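I have placed the structure first, in the form of structure tokens, so that the comments after it can refer back to it.
There are 2 protein chains.
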Amino acid sequence: MNDDGPVAACPIGPVVDIVFSRWTTPILLTLHNDGRLRFVELHRRIGGVTAKVLTDRLRRLERDGLVTRTYFAEVPPRAEYEITELGRSLSPVFASLAAWQSEHLGEVEAARGRFEA
Amino acid sequence: MNDDGPVAACPIGPVVDIVFSRWTTPILLTLHNDGRLRFVELHRRIGGVTAKVLTDRLRRLERDGLVTRTYFAEVPPRAEYEITELGRSLSPVFASLAAWQSEHLGEVEAARGRFEA
DNA sequence: CAGAATCCGGTATGATACTG
DNA sequence: CAGTATCATACCGGATTCTG
Numbered sequence: 001m002n003d004d005g006p007v008a009a010c011p012i013g014p015v016v017d018i019v020f021s022r023w024t025t026p027i028l029l030t031l032h033n034d035g036r037l038r039f040v041e042l043h044r045r046i047g048g049v050t051a052k053v054l055t056d057r058l059r060r061l062e063r064d065g066l067v068t069r070t071y072f073a074e075v076p077p078r079a080e081y082e083i084t085e086l087g088r089s090l091s092p093v094f095a096s097l098a099a100w101q102s103e104h105l106g107e108v109e110a111a112r113g114r115f116e117a
Numbered sequence: 118m119n120d121d122g123p124v125a126a127c128p129i130g131p132v133v134d135i136v137f138s139r140w141t142t143p144i145l146l147t148l149h150n151d152g153r154l155r156f157v158e159l160h161r162r163i164g165g166v167t168a169k170v171l172t173d174r175l176r177r178l179e180r181d182g183l184v185t186r187t188y189f190a191e192v193p194p195r196a197e198y199e200i201t202e203l204g205r206s207l208s209p210v211f212a213s214l215a216a217w218q219s220e221h222l223g224e225v226e227a228a229r230g231r232f233e234a
């Protein structure tokens, strides 16, 4: 038998929850590539997401230790976000995803085309 | 400038959509590890998902060419699902996720603990 | 500027009953 | 058995407004 329940069926469940909630990948990639950024700047570079949702995601990423938040109680206030070492350690994961995509996305699109029949 | 819009912010968007919709990872992993399975068997091994949702996911995976569906119009009817070569090609991706998790999940949990303060 | 608070609608998901 | 159909709901995610 090969049945240890749902946990065995998806041993990678935890990572998926941590890394692939919506908007988390563009956030992590942007902070990874562009370095420390203020809130507005990050917001601008990602695009399409509302401030509320972006804030929510950043909080979660901060909680999980993937990004750091530095707040300056000035006028106007400022908040800067930066990816952590732990966040950077996801590089190989993103690299493998990018590799798979560049190699196989065409096949997926072809399959979708065929499916319309 | 480093701003080519949302696409540049998340170049891996397409793969993420294809592979990390809910329940897709346990489905793919189970079919990868256990081979061709009928609907009920697959349903039983995954657990926690309803037949409706499982059907939806399988349709989508079939459409994307990651899984094949073979239907037998017998009595009682039978449907067998199997992962495709394209689906198997995701192995390295899952491997990198598993590796990251086994190495860094502890740090995430530690960060979460610290965050409660 | 950075974000909190509030309200609201759509989609995803779930439970249940039914069909070939 | 392998779904589909229907209904209910829960959870994002978005728009708007407000505050320090």
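Protein chains in written order, with this note's numbering: chain A, 1 to 117; chain B, 118 to 234.
In this text, a Cβ means the ideal position worked out from N, Cα and C, and glycines have one as well.
As the structure is a prediction and not an experimental result, all values here were calculated from the model.
If I'm right that G87 of chain A touches L66 of chain A with Cβ under 8 Å, what's the distance once you round it to whole angstroms?
Going by Cβ atoms, the distance from G87 of chain A to L66 of chain A rounds to 4 Å, so yes, they are a contact pair.
Does T49 of chain A pass the burial test, meaning 16 or more other C-beta atoms within 10 Å, or should it be called exposed?
The displayed chain sequence assigns Val, not Thr, to residue 49 of chain A. Per the 10 Å Cβ criterion, buried.
Less than 9 Å between the beta carbons of F39 of chain A and V133 of chain B, yes or no?
No, the Cβ-Cβ distance between F39 of chain A and V133 of chain B is not below 9 Å.
For a quick check, are the C-beta atoms of V210 of chain B and I18 of chain A less than 9 Å apart?
Against a cut-off of 9 Å, the Cβ pair of I18 of chain A and V210 of chain B comes out as no contact.
Spell out whether any CB of chain A is found under 9 Å from the CB atom of E191 of chain B.
Not an interface residue.
Under a Cβ-count criterion, where at least 16 other Cβ atoms within 10 Å of its own Cβ denotes burial, should R176 of chain B be classed as buried or exposed?
Exposed, by the Cβ-count rule.
Can you tell me whether T147 of chain B is helix, strand or coil according to DSSP?
It is helical.
With 7 Å as the limit, tell me which residues of the segment 152-171 of chain B have their beta carbon closer than that to any beta carbon of chain A; keep them in chain order.
For the segment 152-171 of chain B, which is checked against every Cβ of chain A, the residues closer than 7 Å are R162, I163, G164, G165.
Of all Cβ atoms in chain B, is any one closer than 9 Å to the Cβ of V69 of chain A?
For the sequence presented, residue 69 of chain A should be read as Arg rather than Val. Output row for R69 of chain A: interface = no.
Is the CB-CB distance between I46 of chain A and T30 of chain A below 9 Å?
Yes.
Which residues does DSSP pair with D199 of chain B in a beta bridge?
A small correction: the amino acid at residue 199 of chain B is Glu; Asp does not occupy that position in the sequence shown. B:T185.
Are there 16 or more other CB atoms within 10 angstroms of the CB of P76 of chain A, so buried, or fewer, so exposed?
That one is exposed.
If we count the other Cβ atoms within 10 Å of its Cβ and call it buried at 16 or more, is S219 of chain B buried or exposed?
S219 of chain B is exposed by the Cβ-count criterion.
Mapping the DSSP letters down to three states, classify L37 of chain A as helix, strand or coil.
Residue state, collapsed to three classes: strand.
With a threshold of 9 Å between beta carbons, is R174 of chain B in contact with chain A?
Chain A, which has no Cβ nearer than 9 Å to the Cβ of R174 of chain B, makes this no.
Evaluate R174 of chain B with the Cβ neighbour count: other Cβ atoms within 10 Å of its Cβ, from every protein chain shown; 16 or more gives buried, anything less gives exposed.
R174 of chain B comes out buried.
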